[in-house]
Amino acid sequence: MRLFKSSPDRMEKYHQRRRWARRFTWVFYGLFTTCLLAGAGVGGYIYYHFIRDLPDFTAIKEFRPSVVTQIFARDGRLIGAFYAEKRIEVPYSRLPRHLVLAFVAAEDARFFEHPGVDITGIVRAFFRNLEAGEVVQGGSTITQQVVKRILLSSEKSLARKIREAVLAYRIDNYLTKEEILNLYMNHIFLGHGAYGVEAAAQEYFSKHVEDLTLAESAILAGIPKAPSRYDPYLNPQRAKERQTYVLRRMADVGFISKAEEAAALKQPVKLKPFRPDWIKECGYFNEHVRTLLENRFGKESVYNLGLKVYTTADVDLHKEAQAAIQQGIDGLIKRNGYKGPLRHLKGKELTAYLERQNKYYRKYPPRKGLSVTAVVTQFDRRRQAVNIRLGEYTGVLQEPATGQSRAAGLLAVLRPGDVVQVRLKERDRRQNKWVAELVPAPMVQAAVVSMELKTGKVRVLMGGKDFGDSTFNRAIQARRQPGSAFKPIIYAAAVDKGYRPDSVLLDAPLSLPGGRRGQVWAP
């Protein structure tokens, strides 16, 4: 049997390796302990500075946003609305599935999968933004957006982002996904003062939210990224591009089929802003109601609590009063003639004015019967007509006295660049022009009050010819001399003293003795 003995060199190497192993172990434990302490320190710092004083996330369940106060006529018709934020809350059950999925696809495709914070989305957004050299994609989830809008400020800082992420995680564990979506869909800003999808559906399509098509839903879902940039009224081309993106995302993540995407892209989307008649006809009544409400309940309640106010107003009588006022003013202008334009514009001032009109009429197209301002552009000598412009729309003027389009009478008082008040009578489809007539100067006004004598209920209150032109209520706020309205009081006093209807009085100057310093007194 052969025995092997370790040489001194081999033993030395063995002990050296043992020493290095012990040193490495101590270094490893030291580093591990240091990292652990550092991590605890960082965690403590984050907790102390970012998490310790976080708002109570459970309060979000009781959150009630600012809601529209609605005014109703005697028959239940909506005639007015007051609000700080134009929001009409709707329950989740009223939200169509394709509308919800459109917002999820556009804003947070992994919403139903992540726990309130999408780490994958944050990393993906980081590399996409790094590649593009600018911020082209955000990493905030829908839950984080809810936190930012309801519990935190919009401050752009790392501290706010950390607090936002922590709260989003907690809320995702506290609320259901449907509850989070309901908060989001009722709170999101969608341009033109509309907060929430119901207000936006009315603002852009004059529809209730449950009536929206897939194509219309994609338009709305594309707005939150940049409400001004993707405004369907002011930037229709960009809004269409954004709609295409939303529909493509819905198809890519499996929310809709490719066939549904193609059908929605082909479907024409007609913008139709909500323009109720009460803006014109019941404006003075609504304004008086607003004043009464503010005096009784305070502004905060009127603009935020979503009150429902039922009034004595009669909408049909308001329409008749409006027509009577207009008829009386029309008769006045025909008797007295047209006095001249509102003002005269030229050069850059004229260009800027037409551009402002352009933006307005993209959202609110002209309609028959509307009283608007227009610019005189030229005289058609051959046809003896005065041409006008309303933004991109064109028209021809009629003389108010004769109802004729010939310019003989208008040439004396108008010239190109004049701004005039006109009423749109009809649309000439063949020439694609509006036929309009001049209306009186704004100084001509009228007022009407109609009450039920037995009950004292006010059915009509109109303080001017058009609330849009002037909000001053001449029926309530104006001060005027009583005139002959004072005579019944005098006659009643005379009857009380024994005078009869056939009593004869001397209608001549009266002078009586008894004045100051022996002078004669005369009334």
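Counting from 487, one number per residue, gives the positions in the sequence shown under the numbering used here. Note that CB positions come from ideal geometry on N, CA and C, so glycine has one too.
Whether residue i touches residue j by CB criterion (8 Å)
i       : j      : result
Met948  : Ala933 : yes
Val590  : Tyr655 : no
Leu876  : Tyr850 : no
Ser857  : Val905 : no
Ala807  : Val944 : no
Glu923  : Leu883 : yes
Pro710  : Ile674 : yes
Val801  : Ala559 : yes
Val586  : Ala567 : no
Val908  : Asp914 : no
Gly903  : His830 : yes
Lys572  : Ala645 : no
Ala1008 : Pro995 : yes
Gln630  : Glu599 : no
Ser787  : Leu793 : yes
Ala707  : Ala592 : yes
Ile962  : Cys768 : no
Ile657  : Ile648 : no
Ala680  : Ala750 : no
Asn672  : Pro582 : no
Thr544  : Tyr660 : yes
Leu900  : Val872 : yes
Tyr716  : Ala704 : no
Gln597  : Ile546 : Note that residue 597 is Phe in the sequence shown here, rather than Gln. Cβ distance not < 8 Å, so Phe597 and Ile546 don't count as in contact.
Tyr578  : Glu696 : no
Val775  : Val755 : no
Gln931  : Arg960 : yes
Pro541  : Leu637 : yes
Residue i in three-state terms, based on DSSP
i      : result
Thr519 : helix
Thr941 : coil
Tyr716 : coil
Gln631 : helix
Glu727 : helix
Tyr796 : strand
Ile811 : helix
Phe597 : coil
Gly566 : strand
Thr863 : strand
Thr662 : coil
Ser787 : helix
Ala871 : strand
Phe558 : strand
Ala695 : The sequence shown places Val at residue 695, rather than the Ala named in the question. Correct three-state label for Val695: helix.
Asp993 : coil
Asp816 : helix
Ser936 : strand
Gln502 : helix
Asp952 : coil
Phe542 : The sequence shown places Asp at residue 542, not Phe. Coil, per DSSP.
Val946 : strand
Val513 : helix
Ala887 : Only weak support exists for where Ala887 lies, its pLDDT of 47 falling under 50; the value from the coordinates is given anyway. The answer is coil: DSSP assigns Ala887 none of H, G, I, E or B.
Val553 : strand
Asn822 : helix
Gly969 : helix
Thr957 : coil
Opposing strand residues paired with residue i [DSSP bridges]
i       : result
Tyr681  : Arg573 and Phe675
Ser857  : Arg909
Tyr879  : Leu876
His830  : Asp904
Trp1007 : Leu998
Trp920  : Gly881 and Arg913
Buried/exposed call for residue i, threshold 16 Cβ in 10 Å
i       : result
Tyr1012 : In the structure as shown, the chain begins at 487 and stops at 1009. Residue 1012 is therefore absent and cannot be evaluated.
Met937  : exposed
Val732  : buried
Gly855  : exposed
Asn790  : buried
Ala687  : buried
Gly814  : exposed
Ser997  : exposed
Glu835  : exposed
Gly950  : buried
Lys634  : buried
Leu653  : buried
Arg1003 : exposed
Glu747  : buried
Asn918  : exposed
Val609  : exposed
Arg728  : buried
Completely contained alpha helix (DSSP H) runs for the segment 729-782, where each covers 4 or more residues: 744-752 and 764-767
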